[in-house]
Amino acid sequence: MNRRLILCAHGSEAPIGRAAFSGLVNAVRREAQDLDVVDAFVDVQQPRIAEVVGETAGPRAIVPLMLVYDRPVGVDIVQASHLDPDVTVTAPLGPDWVLAEIGVRRLFEAGARSDDTIVLAADTATDDRAVSDVGKAARLLSAVWGGRVHVGTLGGPDTPLVDAVDVARAYGRRVVVSSYVLTPGTVHERMIAAGADVVTAPLLDGGPPDPRLVTLVCARARSRGGWTTVGGDPGPRLARS
Numbered sequence: 002m003n004r005r006l007i008l009c010a011h012g013s014e015a016p017i018g019r020a021a022f023s024g025l026v027n028a029v030r031r032e033a034q035d036l037d038v039v040d041a042f043v044d045v046q047q048p049r050i051a052e053v054v055g056e057t058a059g060p061r062a063i064v065p066l067m068l069v070y071d072r073p074v075g076v077d078i079v080q081a082s083h084l085d086p087d088v089t090v091t092a093p094l095g096p097d098w099v100l101a102e103i104g105v106r107r108l109f110e111a112g113a114r115s116d117d118t119i120v121l122a123a124d125t126a127t128d129d130r131a132v133s134d135v136g137k138a139a140r141l142l143s144a145v146w147g148g149r150v151h152v153g154t155l156g157g158p159d160t161p162l163v164d165a166v167d168v169a170r171a172y173g174r175r176v177v178v179s180s181y182v183l184t185p186g187t188v189h190e191r192m193i194a195a196g197a198d199v200v201t202a203p204l205l206d207g208g209p210p211d212p213r214l215v216t217l218v219c220a221r222a223r224s225r226g227g228w229t230t231v232g233g234d235p236g237p238r239l240a241r242s
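Counting in our numbering, the sequence shown runs from 2 upward without gaps.
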């Protein structure tokens, strides 16, 4: 019997967001054919993560498909993993160099230019670790983009996204929001409504998932619980010199 990989995400009420997530899950199934891949959620959608853990057996790894280490990772997912000692939890998907590289690809696809002011937009981040992860995501994006990146969030102690966009206008340049969100849906729509000149697509934009994202998920899956250890951080691949 294959080992089981549980991909756990925030649920989405938007059909386009659900479809984008399903596309990623199916891509991981094709890539990791030695694993039984199932999905689970911490809110909105079913099945919930505790239910999936309770209904499965054997060695399982939960990969949180989340961009920061927030409360659902630290509480909901970890508590579910405690239901069975055969369950391990990997690091969340982000922050990571791969996500920064895809974020820069989205910037190029949106027509961002080197003289634009870039604002990384993230969902609400209230946990200290989540706030730290958002800051790290911005630094990684800055390193790959090759220029300064500001931060705005939809809630929490960081600068509100609307205010961050307003402040960015003081530079007298176009303001481009880099959407640090996995799927289309309500969160991304709020980022679009923040008033920037350009807003990038999410990391999953409705088309086939970026192969680098699929590889990152598989690397997370094999990083703990006696599975193959992931190599060291390779550092950024700069978008331009």
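C-beta: ideal position from N, C-alpha, C; glycine also.
Discussion item. Spatial neighbours of R241 within its chain, please: C-beta separation below 6 Å, excluding the five flanking residues on both sides.
Written reply: For the purposes of this step, residue 241 is taken as the residue at position 240 of the sequence shown. Confidence at R241 is low in this model, with a pLDDT of 35, below 50, so the placement of that residue is unreliable and no value is reported for it.
**Study point:** Candidates S180, Y172, R175: closest to V152 by CA position
**Key:** The residue you call residue 152 lines up with position 151 of the sequence shown. With distances taken between CA atoms, V152 lies nearest to S180 out of S180, Y172, R175.
Margin query: I'd like to know whether the C-beta atoms of A195 and A81 end up nearer to each other than 8 Å.
Written below: In the sequence shown, the residue the question calls residue 195 occupies position 194. In the sequence shown, the residue the question calls residue 81 occupies position 80. The answer is no: Cβ separation not under 8 Å.
Have a look at R107, V168, K137, G186 and flag the residue whose alpha-carbon is nearest the alpha-carbon of D211.
As a working mapping, residue 211 is identified with position 210 in the sequence shown. Of R107, V168, K137, G186, the residue nearest in Cα terms is R107.
#### Entry: Inter-residue spacing [alpha-carbon to alpha-carbon] between D97 and I78
As a working mapping, residue 97 is identified with position 96 in the sequence shown. As a working mapping, residue 78 is identified with position 77 in the sequence shown. Their backbone Cα atoms lie some 20 Å apart in a straight line.
query = Along the chain, which unbroken stretches of the beta strand (DSSP E) at least 3 residues long are found entirely within the stretch 73 to 106?
reply = Counting whole runs of 3 or more residues, the stretch 73 to 106 contains the beta strand (DSSP E) stretches 88 to 90.
Determine the direct distance from the alpha carbon of G55 to that of C219, and round the result to whole angstroms.
Looking up residue 219 in the sequence shown gives position 218. Looking up residue 55 in the sequence shown gives position 54. C-alpha separation (whole angstroms): 23 Å.
Q: Measure the alpha-carbon distance for V243 versus G12 and round it to whole angstroms.
A: Limits of the chain in this structure are 2 at one end and 242 at the other, which puts residue 243 out of reach.
Whole runs of the beta strand (DSSP E) within the stretch 123 to 177, excluding any shorter than 3 residues: Every beta strand (DSSP E) stretch that sits fully inside the stretch 123 to 177 and reaches 3 residues is listed by chain position as 150 to 154.
Practice task
Look at the alpha carbon of D198 and the alpha carbon of A113, and state the distance between them as a whole number of angstroms.
Solution key: Taking the first residue of the sequence shown as position 1, residue 198 is located at position 197. Taking the first residue of the sequence shown as position 1, residue 113 is located at position 112. Cα-Cα distance, rounded: 10 Å.
Review point. What do you get for P93, buried or exposed, if any count of 16 or more other CB atoms within 10 angstroms of its CB means buried?
Key: Position 92 of the sequence shown holds residue 93. So P93 ends up on the buried side.
Beta-bridge pairing of P212 - partner residues as DSSP gives them:
Position 211 of the sequence shown holds residue 212. Looking at the DSSP assignment, P212 forms no beta bridge with any residue, so it has no partner.
### Message
Only counting the same chain, and skipping five residues up and downstream in sequence, which positions put a Cβ closer than 7 Å to that of V132?
### Response
As a working note, residue 132 is residue 131 in the sequence shown. Closer than 7 Å at Cβ, skipping near neighbours: A126, G157, P158, D159.
Between the alpha carbons of V182 and P209, how many angstroms are there, rounded? Along the sequence shown, read from residue 1 onward, the residue named residue 182 stands at position 181. Along the sequence shown, read from residue 1 onward, the residue named residue 209 stands at position 208. C-alpha separation (whole angstroms): 16 Å.
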